[in-house]
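So the structure is just underneath, and the comments pick up after that.
Numbering (full-length UniProt numbering), first residue to last: 1 to 434.
Shown next, in the form of structure tokens:
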């Protein structure tokens, strides 16, 4: 009669007999994998004991605890042991948690050792053999342990330390890792430490060359472990040191001025990516010959100077966030011998018109105090609802438009003398229905 699960648990004498003979009741499925190189038989070097299995309702298997004991006084074992189980009799019984099958068709369980290896006299007890047998039949099996002692382990080479910029994508390279037996390597990259707040992750951490994009300044410790299917390397690390981004200086736009003018500089658009307070350092990098100009409030965001000679003044701004300087920013101020003044726009008188009329505008009274030629820019600033009116010749002094809706049209004129814009001038056209 086949043993029932409740009978199995209630008959310690029978269990002891089954254990001594290598017979266990269990449920069954088997996972197959590639046919591995399992290593060499470990024999008496490693003590192996398999405990009495107990039923695991979560997995519907009978789990037998495994204890491994390094009996050597000097030799450390690394990587993984491979516990080959089989033959299992009768047919239909299988190892539920098999890591794969051997070339001879036997199931095996790969048992990973600690990163530092299994040291002399050390024991590990955190593995089990899980058997499956839907018919609850008695069965027996043979078992044999394989592995690689000593130095026959691969070596992980994660590449040199790097110092990328924040936000740069870093490609790691473990392709220099080696295996003394010439076996193909599998890679396992991980982030051992990262700056506070970082959510960076490795792309394709099982490849030889994953990538990472640092999202916080600070130090990232990247660990690489390689295995050849039988033994694992010691973990090795590289360090990515990511500096905080520097502040950015903005010296404002170039300007023109006349002799005697006070020139006001503007560094208010300078900023720090991490919102640190900024210190300002303005200096002249160029002045016209004979100029004695000096910067007032050169340690603020808005210094000034009096242009005392005609020519080009170049100012430089460097900002500091308390830890590092920005790159320098420059602005040029061209000073003419006679101060230039802005032109004056005149958009003409207000007008009245009837729907359908062509309205002619007149900006001919606009002028430049220095007599420079003017450029004209006319635009609508107001039109009646539904109007599709557009300005013809809007870049001349006398544009026109057709009043297509009753209501108020307002036009604006700005003129430019080649250097300065005028203040805007406006005129209003009131259109009535016929």
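Every residue gets a Cβ at the ideal spot worked out from N, C-alpha and C, and that includes glycine.
Computed from a predicted model, the values in this text were never measured in an experiment.
Closest by C-alpha distance to residue i, when choosing among the options
i: residue 176; options: 224, 373 and 220; result: 224
i: residue 133; options: 122, 89 and 112; result: 89
i: residue 423; options: 123, 413 and 293; result: 413
i: residue 364; options: 82, 415 and 209; result: 415
i: residue 381; options: 303, 362, 419 and 429; result: 429
i: residue 311; options: 278, 290, 318 and 320; result: 290
i: residue 319; options: 308, 279, 358 and 294; result: 279
i: residue 362; options: 351, 246 and 370; result: 351
i: residue 114; options: 80, 103 and 203; result: 80
i: residue 72; options: 299, 117 and 102; result: 117
i: residue 104; options: 87, 369 and 47; result: 87
i: residue 370; options: 93, 344 and 46; result: 344
Residue i vs residue j beta-carbon contact at 7 angstroms
i: residue 61; j: residue 96; result: yes
i: residue 240; j: residue 220; result: yes
i: residue 406; j: residue 433; result: yes
i: residue 262; j: residue 316; result: no
i: residue 354; j: residue 376; result: no
i: residue 226; j: residue 187; result: yes
i: residue 307; j: residue 249; result: no
i: residue 403; j: residue 357; result: yes
i: residue 172; j: residue 228; result: no
i: residue 198; j: residue 169; result: no
i: residue 238; j: residue 161; result: yes
i: residue 247; j: residue 326; result: yes
i: residue 153; j: residue 64; result: no
i: residue 332; j: residue 254; result: yes
i: residue 427; j: residue 411; result: yes
i: residue 251; j: residue 337; result: no
i: residue 443; j: residue 48; result: This structure cannot settle anything about residue 443, because the visible part of the chain is limited to 1 through 434.
i: residue 233; j: residue 155; result: yes
i: residue 383; j: residue 367; result: no
Neighbourhood of residue i by C-beta, 6 angstroms cutoff - its chain only, sequence neighbours within 5 removed
i: residue 268; result: 301
i: residue 360; result: 400
i: residue 7; result: Confidence is the limiting factor: at residue 7 the pLDDT is only 33, short of 50, which leaves the residue's position unreliable, though a coordinate-based value still follows. Once the five neighbours on either side are set aside, residue 7 has no close Cβ partner at all.
i: residue 125; result: 67
i: residue 394; result: 378
i: residue 420; result: 342
i: residue 174; result: 158, 187, 208 and 224
i: residue 26; result: Below a pLDDT of 50, predicted positions are generally treated as unreliable, and residue 26, at 34, falls in that range; the measurement from the model is reported next regardless. Contacts found: 62, 131, 132 and 133.
i: residue 189; result: 202, 205, 210 and 224
i: residue 298; result: 282
i: residue 391; result: 378, 399 and 401
i: residue 385; result: none
Residues sharing a beta bridge with residue i, DSSP
i: residue 186; result: 227
i: residue 65; result: 128
i: residue 176; result: None, per the DSSP bridge assignment.
i: residue 243; result: 165
i: residue 344; result: 367
i: residue 41; result: 146
i: residue 203; result: 211
i: residue 55; result: 62
i: residue 48; result: 68
i: residue 153; result: Residue 153 is not bridged to any residue.
i: residue 326; result: Residue 326 pairs with nothing; no bridge assigned.
Chain-order list of residues whose beta-carbon lies under 8 angstroms from that of residue i (same chain, five-residue window excluded)
i: residue 41; result: 144, 145 and 146
i: residue 242; result: 163, 164, 165, 166, 195, 214, 216, 217, 218, 219 and 220
i: residue 418; result: 372, 373 and 375
i: residue 85; result: 95, 98, 106, 107, 108, 109, 129, 141, 142 and 143
i: residue 119; result: 70 and 76
i: residue 323; result: 244 and 276
i: residue 191; result: 200, 201, 202, 212, 220, 221, 222 and 223
i: residue 259; result: 307, 308, 309, 310, 335, 336, 337, 338 and 339
Where the beta strand (DSSP E) through residue i begins and ends
i: residue 330; result: 329–336
i: residue 133; result: From DSSP, residue 133 is part of no beta strand (DSSP E); its letter is neither H nor E.
i: residue 432; result: 425–432
i: residue 311; result: 311–320
i: residue 258; result: 255–258
i: residue 354; result: 351–354
i: residue 306; result: 304–306
i: residue 271; result: Premise fails: residue 271 is in no beta strand (DSSP E) and is neither H nor E.
i: residue 281; result: 279–286
i: residue 411; result: 407–416
i: residue 112; result: 107–112
i: residue 377; result: 375–382
Own chain partners of residue i with C-beta closer than 7 angstroms, once the 5 adjacent residues on each side are dropped
i: residue 123; result: 67, 68 and 69
i: residue 296; result: 303, 304 and 305
i: residue 264; result: 302 and 304
i: residue 23; result: With a pLDDT of only 38 at residue 23, under the threshold of 50, the placement of this residue in the model should not be trusted; the figure read from the coordinates follows. Cβ neighbours of residue 23 beyond the five flanking positions: 138, 139 and 140.
i: residue 287; result: 293 and 313
i: residue 334; result: 256 and 312
Contact test: residue i Cβ vs the ligand PLP heavy atom, cutoff 6 angstroms
i: residue 305; result: Ligands displayed in this structure: none; no statement on the ligand PLP is therefore possible.
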